[in-house]
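In the numbering used here, the protein residues as written are 1 to 474.
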């Protein structure tokens, strides 16, 4: 028995050392590498399990071949080339070219945008667009709940299938673990094509549990598109635990819908291995919309060598001249973003950050507090949203650049998740989002002025600092 005990310790030690070597050889950011080494060192046995599920990197894997991606992008490229009188803003040409070169996110003009700040606005608009569909409906959501709202949208999609409309749905597998498979099977039986994204089935693909599709995209007939932060769940209408669930979503009509369509069809190829490149999915813009509202649909994923959305955020912050207003539910920024915010404040830029007073995940709330204090100490004006949970994810800068989508300002969104954001270069849209931010301020208080909220006992701050070490893993 004694020898068995030492044999077990020897085998376990060799496994831990092998895993540590694997973590080091991945050449990740030092903060993330150190976080995993700490977990493996100080959480015996559990640390190995956590690494098995959440730690293995897939950045070097190629989910879609370059040939297939080129075919899926070809139609979007043709529509981009056919744009007459496309005038790109000179001041932001470098950012536009960055997204186009690294991400294949082409700039499209002639866009009209409606902004929704609650489920009461968004879901009737979505149902109306579904009801008007003639050719196809492409829907992608991190969460598609089996609740009264989810069933209402499911019934609307089933009704369109019965009318001969093509309906394709992608749902994240882990995001919908709580949803019974019978809910999706019913949709399949009615003719809807439903696929889970990156399904996790033990032991196969177990290491992929950490990499989730967090996108929220819907495309109707290639003419109308939706993108933002709202999942399909009743809490966006009813709230959660009696608290308001505030979020931001958009309806887009115009050239940018081509970008949304491409993003969906790339994901569809991944889940179904079907190349969809028909011209009917990229109908010509009729000419009803004529403006120079430029937009790019930018996606990011953990297999890319470039965190494109994070690069965009950093560049916007670095190029700001007057102000940067941001709303995010989770603030655990990688160092490049935090450094850019500090630099902007030191350069005299008015930087304002809005986060919820309380998060829906306590562990993440503990980890985020030290980052919030650090941003505040650097001079960022931090506003705590106290009237419910603010799940909005947008940034507006200098009355011209706006981005909104599914991306949080945290390690998970910027490095691990499949995300999508719309970037706009237009004064009118920027002023609308600026006004939304100002209206949300009425439900906030400025943390910089609340000494009673800033002060915490030593033990609490120590705990938050310890949890912060794990922030690259959250």
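We treat Cβ as the ideally placed atom computed from N, Cα and C, and that holds for glycine.
Would you please state the rounded distance, in angstroms, between the beta carbons of residue 437 and residue 396? I believe it to be under 8 angstroms. The pair is a contact, with the Cβ atoms about 7 angstroms apart (cut-off 8 angstroms).
Contacting residues, own chain, Cβ-Cβ under 7 angstroms from residue 320 (five flanking each side not counted): Around residue 320: 344, 349, 397 and 398.
So within the region 301 to 382, which uninterrupted alpha helix (DSSP H) runs reach at least 4 residues, ignoring any that extend past its ends? With a minimum length of 4 residues, the continuous alpha helix (DSSP H) runs that stay inside the region 301 to 382 are 308 to 319, 335 to 346 and 362 to 377.
Extent of the continuous alpha helix (DSSP H) to which residue 153 belongs: Residue 153 -> alpha helix (DSSP H) spans 148 to 162.
What's the gap between the Cα of residue 357 and the Cα of residue 439? Whole-angstrom Cα-Cα distance: 17 angstroms.
Could you check how far apart the C-beta atoms of residue 112 and residue 254 are, in whole angstroms? I think they sit under 8 angstroms. So it is a contact: roughly 6 angstroms between Cβ atoms.
Going by beta-carbon coordinates alone, are residue 258 and residue 247 separated by less than 8 angstroms? Taking a C-beta distance under 8 angstroms as the contact criterion, residue 258 and residue 247 do not qualify as a contact pair.
Roughly how many whole angstroms lie between the Cα atoms of residue 173 and residue 347? Cα-Cα distance, rounded: 44 angstroms.
7 angstroms CB neighbourhood of residue 484 in its chain, flanking five on each side removed: No information on residue 484 is available, as it lies outside the stretch 1 to 474 that the chain covers here.
Counting only the same chain and skipping the five closest in sequence on each side, list residues whose C-beta sits under 7 angstroms from that of residue 272. Result list for residue 272: 195, in chain order.
When you compare the CB positions of residue 415 and residue 336, do they come within less than 8 angstroms of one another, or not? Contact flag unset, no.
Is DSSP giving residue 212 helix, strand or coil here? Note: residue 212 maps to coil in three-state DSSP.
From which residue to which residue does the beta strand (DSSP E) around residue 121 run? Here residue 121 belongs to no beta strand (DSSP E); instead the alpha helix (DSSP H) covers 119 to 131.
With a threshold of 8 angstroms on Cβ separation, who are the neighbours of residue 71 within its own chain once the five nearest residues in sequence on each side are excluded? Cβ neighbours of residue 71 beyond the five flanking positions: 275 and 277.
Nearest-angstrom Cα separation, counted from residue 154 out to residue 146: Those two C-alpha atoms are separated by around 9 angstroms.
Let me check understanding here. Comparing Cα to Cα, which of 400, 114, 421 and 441 lies closest to residue 511? The structure shown does not extend to residue 511, since the chain is modelled only from 1 to 474, so the question has no answer here.
In three-state terms, what does DSSP make of residue 287? Three-state result, residue 287: coil.
Residue 406: buried (16+ other C-beta within 10 angstroms of its C-beta) or exposed? Buried is the call here.
If you run the structure through DSSP and keep just helix, strand and coil, what is residue 448? DSSP places residue 448 in the helix class (H, G or I) of the three-state scheme.
To which residues of the same chain is residue 388 closer than 7 angstroms at the C-beta, ignoring the five residues directly before and after it? If you ignore the 5 residues before and after residue 388, its C-beta comes within less than 7 angstroms of the C-beta of 239, 243, 244, 245 and 246, all in its own chain and listed in chain order.
Straight-line CA distance for residue 270 to residue 355? Approximately 34 angstroms, taken between the alpha carbons.
Check the C-beta distance from residue 424 over to residue 295 and give it rounded, since I have them as a contact under 8 angstroms. Contact between residue 424 and residue 295 is confirmed by a C-beta separation of about 5 angstroms, below the 8 angstroms threshold.
Below 8 angstroms, how does it come out for the region 181 to 200 and the region 86 to 100: are there three or more Cβ pairs, yes or no? Counting C-beta pairs closer than 8 angstroms gives fewer than three between the region 181 to 200 and the region 86 to 100, which falls short of the contact rule.
Residue nearest to residue 74 in terms of C-alpha spacing, selected from 169, 265 and 127: It is 265.
Give me the Cβ distance between residue 409 and residue 331, rounded to the nearest whole Å; I'm assuming they're in contact under 8 angstroms. Yes, they are in contact, since the Cβ atoms of residue 409 and residue 331 sit about 5 angstroms apart, within 8 angstroms.
Could you tell me the alpha carbon to alpha carbon distance between residue 76 and residue 138, rounded to whole angstroms? Taking the straight line joining both Cα atoms gives about 16 angstroms.
In chain order, what residues of the same chain lie with their CB nearer than 6 angstroms to the CB of residue 218, ignoring the 5 residues before and after it? Same-chain partners within the cutoff: 139 and 226.
Alpha carbon to alpha carbon, how far is residue 292 from residue 401? Note on geometry: alpha-carbon atoms of residue 292 and residue 401 lie some 14 angstroms from one another.
Neighbour-count burial assignment, residue 261, 16 or more Cβ in a 10 Å radius: Under the 10 Å beta carbon count, residue 261 is surrounded by 16 or more other beta carbons and is classified as buried.
Of the listed residues 167, 98, 97 and 107, nearest to residue 130 (C-alpha basis): Looking at the Cα atoms, 167 is the closest of the given residues.
Anyone know if the C-beta pair for residue 102 and residue 306 falls short of 8 angstroms? In contact: residue 102 and residue 306 (Cβ atoms closer than 8 angstroms).
Taking its Cβ as the centre, do 16 or more other Cβ atoms sit within 10 Å of residue 251, making it buried, or is it exposed? With 16 or more other Cβ atoms inside 10 Å of its own Cβ, residue 251 counts as buried.
Residue 106 and residue 80 closer than 8 angstroms at C-beta: Yes, these two residues count as a Cβ contact at 8 angstroms.
What is the DSSP secondary structure of residue 254, counted as helix, strand or coil? Reduced to three states, the DSSP call for residue 254 is strand.
Nearest neighbour of residue 479, chosen from 136, 115, 200 and 352 [CA to CA]: Past the boundaries of the shown model lies residue 479; the chain is included only from 1 to 474, so the question cannot be answered.
Measuring straight from C-alpha to C-alpha, what distance separates residue 84 and residue 95? Rounded to whole angstroms, the gap between the alpha carbons of residue 84 and residue 95 is 21 angstroms.
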